[in-house]
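Those protein sequences? They're chains L and B, same order as listed.
Under the numbering used here, think of the first position of the first sequence as 3, with each following residue one higher.
Under the numbering used here, think of the first position of the second sequence as 829, with each following residue one higher.
C-beta atoms are modelled at their ideal positions from N, C-alpha and C, and glycine is treated no differently.
These figures come from a predicted structure and were not determined experimentally.
Structure first, then comments.
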Amino acid sequence: MTPSEPEPVDAPAQEEGASEEEEILKEEVRLGASPRGTAANGVLLALSRAARSFLLYEPTNEAIRVFLENLRRATDSFLGEYGDLDLVVRPFELLHAGEVVYLERDRERSLAFRLYRDGVRRLVLRPGLTWHELLKLLEVVSIRYVGVRQTEDDMVVLLWKAGFQNLSFDAVEGFVADSEDDEDQGVAAPVEGRAIAIEAPPDFDLPMPTRPNMTRVQWREVPQPAIHELLAEDTTQAVPELAVRLCEELLAAMADPNSPLKFLDIVAQLNETRDFLFAEGLLAHSVRLAYATASANVSDADSDRACAEFLQSFVSPTALARFLHSVSRDAQEAPPELQALLESMPGDHLRTLVHVLDDEHGEASRRVTRRLIEGYVATRGDEIVALAATAPAALCCELLRVLRYADLARAATLVPRLLDRNELELQLEILHTLQAVPTGPEVLRVLLRLAGAENEEVRLRAIAQIGERNAAPAFQPLAARLRRDAALRMSHAEAAAIGEALAHCDGNAALGLFRDFCKPRGLLSAVLPGQTTLQWAAVAGLVLLPSDEVEPLVKHVHERAGSELQAHCTQAMVRRRRAMRAAGPR
Amino acid sequence: MSDEITQGQEALGKAIEQARAGEDKQLAQRVRELGESFVRLMNGLVRLRAIHAPDNHAFDEPTTQLVTTLRTLDRLIGQVMIVCVEGQVYVNDIRVRMDERLSGPAELETELGRHGCGGLSFTKPLEDSQVRTLSGLIAAEAPEERPLHALNESLRQGGLPEVTANGRYRLRLTGEADRTASQVELQRTLQRASGVIADAWDGLANERVPNPLPVRKLVNEFIDASGEDDLLAVEESFTTGAGGSAFARHSLRTTTFTVMIGRELGLSAAQLADLGVAAMYHDCGYASKEDGFAVTFAHHGQAGVRALLKQRGFHQAKIKRLLAALEHHRDTAGDHARPSLYARIIHIADDFDNYTRLRPQGAFMSPAEALVRMASAAGSSYDPHLFQLFVNKVGAFPPGTLLRLKDGRVVISVSGARDPARFSRPLCRVLRNADGRAPESAEMVDTALPGVLVGEVLLQKRSGG
Chain L
3 MTPSEPEPVD APAQEEGASE EEEILKEEVR LGASPRGTAA NGVLLALSRA
53 ARSFLLYEPT NEAIRVFLEN LRRATDSFLG EYGDLDLVVR PFELLHAGEV
103 VYLERDRERS LAFRLYRDGV RRLVLRPGLT WHELLKLLEV VSIRYVGVRQ
153 TEDDMVVLLW KAGFQNLSFD AVEGFVADSE DDEDQGVAAP VEGRAIAIEA
203 PPDFDLPMPT RPNMTRVQWR EVPQPAIHEL LAEDTTQAVP ELAVRLCEEL
253 LAAMADPNSP LKFLDIVAQL NETRDFLFAE GLLAHSVRLA YATASANVSD
303 ADSDRACAEF LQSFVSPTAL ARFLHSVSRD AQEAPPELQA LLESMPGDHL
353 RTLVHVLDDE HGEASRRVTR RLIEGYVATR GDEIVALAAT APAALCCELL
403 RVLRYADLAR AATLVPRLLD RNELELQLEI LHTLQAVPTG PEVLRVLLRL
453 AGAENEEVRL RAIAQIGERN AAPAFQPLAA RLRRDAALRM SHAEAAAIGE
503 ALAHCDGNAA LGLFRDFCKP RGLLSAVLPG QTTLQWAAVA GLVLLPSDEV
553 EPLVKHVHER AGSELQAHCT QAMVRRRRAM RAAGPR
Chain B
829 MSDEITQGQE ALGKAIEQAR AGEDKQLAQR VRELGESFVR LMNGLVRLRA
879 IHAPDNHAFD EPTTQLVTTL RTLDRLIGQV MIVCVEGQVY VNDIRVRMDE
929 RLSGPAELET ELGRHGCGGL SFTKPLEDSQ VRTLSGLIAA EAPEERPLHA
979 LNESLRQGGL PEVTANGRYR LRLTGEADRT ASQVELQRTL QRASGVIADA
1029 WDGLANERVP NPLPVRKLVN EFIDASGEDD LLAVEESFTT GAGGSAFARH
1079 SLRTTTFTVM IGRELGLSAA QLADLGVAAM YHDCGYASKE DGFAVTFAHH
1129 GQAGVRALLK QRGFHQAKIK RLLAALEHHR DTAGDHARPS LYARIIHIAD
1179 DFDNYTRLRP QGAFMSPAEA LVRMASAAGS SYDPHLFQLF VNKVGAFPPG
1229 TLLRLKDGRV VISVSGARDP ARFSRPLCRV LRNADGRAPE SAEMVDTALP
1279 GVLVGEVLLQ KRSGG
């Protein structure tokens, strides 16, 4: 038996060395003496690998997708070409048409062993096998691979429950005596008829309700809508409602002081139900469960503690994260149930929400979390500012955004405290925040500081904001900066931005400054490094000014400039003329 | 295709997460560990017997450990059944994982196999001296003739009535049973059922963690073995007192009718299985005690739930089972939440059995009378549609109804409603001819035939049951 098939194209590459991932995903021996056997082997390796991958990856991981695609491809190919995949299951092998098509002796990895151990002795996949059925098979196998030994269902029960149309199996039904001779059995095996040692009271289920009346019975068809309604009560969709109802019933039963049920008897069920509801993102049901528990009659100290702990779990970071994951993509507000939950459950939810905001990646969930935190700004704004000031950049940005929406003035107080931080996203967020803040000395100070930031995008935006504010006090600092940095590899974009900002801040001063840049006095000035940059800035700013000097100055530069600066002059003049035409005659 | 892959991925992730939520890993893991310990210790003790005299101190430590192991297993899962089959060891339903480098299942299987034995059952934990005796008996030479019988005799004479040596087992495959002999299959299933119920009830009474898997497997077999007519045809067997105690018969009979209603409703096999298990457990509260006294009717639902809640893990079947235990006596209409579907189905089956089953003083009423009296409460006590499904299946003269035909013969209904036209024309077995004598051989009469007319319904008055 020699490997004969090339690696599946999309399989993650395997390297030397034994990382956990590689160990788990390492393929079993490739087998197949015949093309049919090889193809069968391919299907089984794909199935085994896909099932084992759940040990490593989250179900939503892209790697799982690759394994699913491989499995589907291999299975469809085999069934399409060869028909039934009829497998005999042995402890470590699977046989097809007498040929060993799967072999793995490591019990932890072996698909054959998993099947055999759970009682499956034969498995037949037929050509009509649908994708849904194949997934179902994978689900059953995967559940056993991740080590779930369910007291409700083993693999045989799971396969039986799946109700396959195009897959059949033979499985052990239990132990039976090997010998037919009763004498050799000694006493009867314990599984045969044995009396209950524990007997119910003789009057169990009594008294029965008296039924004094009689109604004649006859055959009558039950209407189909009624049948459908009844069947709908037993679907998977009905489970959340049933689960919460059960908890409500259990909690209500505790109200009877003579009830055998105590809170500690039911708390495990409450926890499991809560976890189920969280996993399903069923916020309304979760809140209902919380309310029912909060209203329960809990009598002793231990139960009280357990109850408080249970209720607290509804507002834990994990719980809130679950709820937030369930909001729709375009949700702008938190669902009313979540708000009500936060209002009614004790605890410091602000810190929890900040914690969640720090962890969340989804846009909708972050947005909703911010909205929730906004509700705390009025009463705990200072605390939020303090949290933001020391938070990592991403979280700080989020909190700044919260403050911006809820209390702009408070957001403005935070900004100066963040000036020493160099994170790009934070600086951009600060600029975004400042856009809404009225101009003032502090704002200008911040903008001018950011106009000198390390990142050019930050500088450009800061300069643009300065210009938009027509801030005359900023003229001199900005002009000084231009003169200083023009010789230091300032980009043309930045030069233009400064030129425009200067024009906006103080048109008259700008005209004088630009005149000097365009017609520098002294031969030396004309050849100093940075002169081109200065002229670039000047041209950009000049075309915004209403003076008649503009065109001659630009023309002067154009006649003496290199091709790049010439093009800039031309484009600037075109823009000016368009703007003037749009403004209409004076 | 990519959409299907993505959907498949999401569905798989959800299924695995749900499966994990339904897991009680601690119990299974503990049982496995203890099972491995048992195998290892027993092998060790048997080997020691080949080397040392039974009073040698070398036996002390492993004996003590084995005593502790059995005691712990008993506390966790009740009666312990060790089965060696095909190179594997099972402790009740849980396969023991053994490190192949250590003394393993094969060795134990070999030692037991010399006695024709495939496993051991322990109804109670053992004492120190008993463990020493047991290991000695296993290590001893086995006679050639009837070795298993000899071993069991030795166990009884050696002061080990708690231990039974069972014959060799093999794993039976689906499809082996002759499906044309479904009646026999169903009878065997029913006979086995009382043992399964006994184990389950014993566990609950001793406050152990419920293990529904054996009950589920039984119900699965029951569903597979029973068909449209088998289910009612073996109703008679309940009247003869077969299948254990009155309580066991009640559980089984209720389950029979419950599954029948579920089938009529159109539940899938998987849903029928969940429903059947719920029916099996519906009165399990009576296995408990309240302050040493039997649980009252008023509290048996909650007592049952309390016992069942010991099973950990979120599973929809468990939810439905718990609701059924709580609500199965609740009226379908009233100023409370409508009981769950399973509870409403079991309510009908449960009441029908309670009205009609044989008691020392006789049944309360005939099945036919129970039906018409219950019919008056359809809509108030009983879900009207579910009750109608039940009526449509059992007919005007449900199986077990004693009838006197117009020609004087006394017959018992065995078929229920075979179809709408024969709703009140069941197939019957003749109990007494017109002259009052029992027929010489089994004789059936079809009341649907012309000239065969039902005269009156009789009430059974038998003793026993």
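Within chain L, partners of residue i - CB distance below 7 angstroms
| i | result |
| --- | --- |
| LEU1150 (chain B) | LEU248 |
| ALA1165 (chain B) | ARG247 |
Where residue i meets chain L, residues with beta-carbon distance less than 8 angstroms
| i | result |
| --- | --- |
| ILE833 (chain B) | ARG67, LEU70, GLU71 and ARG74 |
| ARG1134 (chain B) | PRO262, LEU263 and ASP267 |
| ASN1182 (chain B) | ASP207, LEU208 and MET210 |
Listed by chain order, chain B residues near residue i by CB distance under 7 angstroms
| i | result |
| --- | --- |
| GLY165 (chain L) | SER1096, ALA1097 and ALA1098 |
| TRP2 (chain L) | Outside the shown range of chain L, which is 3 to 588, sits residue 2 (chain L), and nothing can be said about it. |
| VAL126 (chain L) | Neighbours of VAL126 (chain L) on chain B: none; closest Cβ ~12 angstroms, over 7 angstroms. |
| ASP236 (chain L) | LEU1095, GLN1099 and LEU1169 |
| LEU140 (chain L) | LEU840 |
| PHE56 (chain L) | ILE844 |
| ARG119 (chain L) | ARG923 |
| THR217 (chain L) | VAL1200, ALA1203 and SER1204 |
Under 8 angstroms between C-beta atoms of residue i and residue j
| i | j | result |
| --- | --- | --- |
| ALA540 (chain L) | GLY501 (chain L) | yes |
| PRO1254 (chain B) | SER1269 (chain B) | no |
| GLN1130 (chain B) | SER301 (chain L) | no |
| VAL460 (chain L) | GLN429 (chain L) | yes |
| CYS945 (chain B) | ALA978 (chain B) | no |
| ALA505 (chain L) | LEU547 (chain L) | yes |
| CYS507 (chain L) | GLY469 (chain L) | yes |
| LEU169 (chain L) | VAL126 (chain L) | yes |
| GLU1049 (chain B) | ASN1220 (chain B) | no |
| PHE56 (chain L) | SER144 (chain L) | yes |
| TRP538 (chain L) | ALA584 (chain L) | no |
| MET870 (chain B) | ARG213 (chain L) | no |
| VAL91 (chain L) | ARG124 (chain L) | yes |
Under 8 angstroms from the C-beta of residue i: neighbouring residues of chain B
| i | result |
| --- | --- |
| ALA48 (chain L) | Under the 8 angstroms cutoff, chain B gives no residues; its nearest Cβ is about 13 angstroms from ALA48 (chain L). |
| THR62 (chain L) | GLN837, GLU838 and GLY841 |
Identity of the residues DSSP links to residue i by a beta bridge
| i | result |
| --- | --- |
| GLN1216 (chain B) | None; GLN1216 (chain B) has no bridge partner. |
| GLN916 (chain B) | B:VAL913 |
| PHE56 (chain L) | BP columns for PHE56 (chain L) are empty, so no partner. |
| HIS98 (chain L) | L:LEU89 and L:GLU101 |
| SER1241 (chain B) | B:CYS1256 |
| GLY947 (chain B) | B:VAL911 and B:ASN994 |
| ASP1274 (chain B) | B:LEU1255 |
| VAL171 (chain L) | Here residue 171 (chain L) is Phe; the residue named in the question, Val, does not match the sequence. Answer by DSSP bridge pairing, in chain order: L:LEU125. |
| TYR118 (chain L) | TYR118 (chain L) is not bridged to any residue. |
| LEU1230 (chain B) | B:ILE1240 and B:LEU1286 |
| PHE1121 (chain B) | B:GLU1118 |
| ALA1317 (chain B) | Shown here, chain B extends from 829 to 1293; a query on residue 1317 (chain B) therefore has no answer. |
Whole-angstrom C-beta distance between residue j and residue i, which should lie under 8 angstroms
| i | j | result |
| --- | --- | --- |
| ILE1089 (chain B) | LEU1214 (chain B) | 6 angstroms |
| SER1079 (chain B) | ASP1111 (chain B) | 7 angstroms |
| ALA292 (chain L) | PHE316 (chain L) | 5 angstroms |
| ALA1191 (chain B) | LEU1287 (chain B) | 7 angstroms |
Within chain B, partners of residue i - CB distance below 9 angstroms
| i | result |
| --- | --- |
| ARG578 (chain L) | Per Cβ cutoff of 9 angstroms: no residues; ARG578 (chain L) is ~53 angstroms from chain B at best. |
| ALA599 (chain L) | In the structure as shown, chain L starts at 3 and stops at 588, and residue 599 (chain L) therefore has no counterpart that could be examined. |
| LEU252 (chain L) | GLN1130, VAL1133, LEU1137, LEU1150 and LEU1154 |
| ARG92 (chain L) | Ordered by position in chain B, no residue passes the 9 angstroms Cβ test against ARG92 (chain L), which lies about 11 angstroms from the chain. |
(request) Residues of the region 274-286 of chain L with a CB closer than 9 angstroms to any CB of chain B: list them in chain order, please. (result) GLU274, THR275, ASP277, PHE278, ALA281 and GLU282
(request) Could you list the residues in the region 450-466 of chain L with a C-beta less than 9 angstroms from some C-beta on chain B, going in chain order? (result) none
(request) Using a Cβ-Cβ cut-off of less than 8 angstroms, give me the residues of the region 369-384 of chain L that come near chain B, in sequence order. (result) none
(request) Identify each residue in the region 490-512 of chain L for which the Cβ-Cβ distance to at least one residue of chain B is less than 8 angstroms, and report them in chain order. (result) The residues in question: there are none.
(message) Give me the subset of the region 1196-1208 of chain B whose CB atoms are less than 7 angstroms from a CB atom of chain L, sorted by chain position.
(response) LEU1199, VAL1200, ARG1201, MET1202, ALA1203, SER1204 and ALA1205
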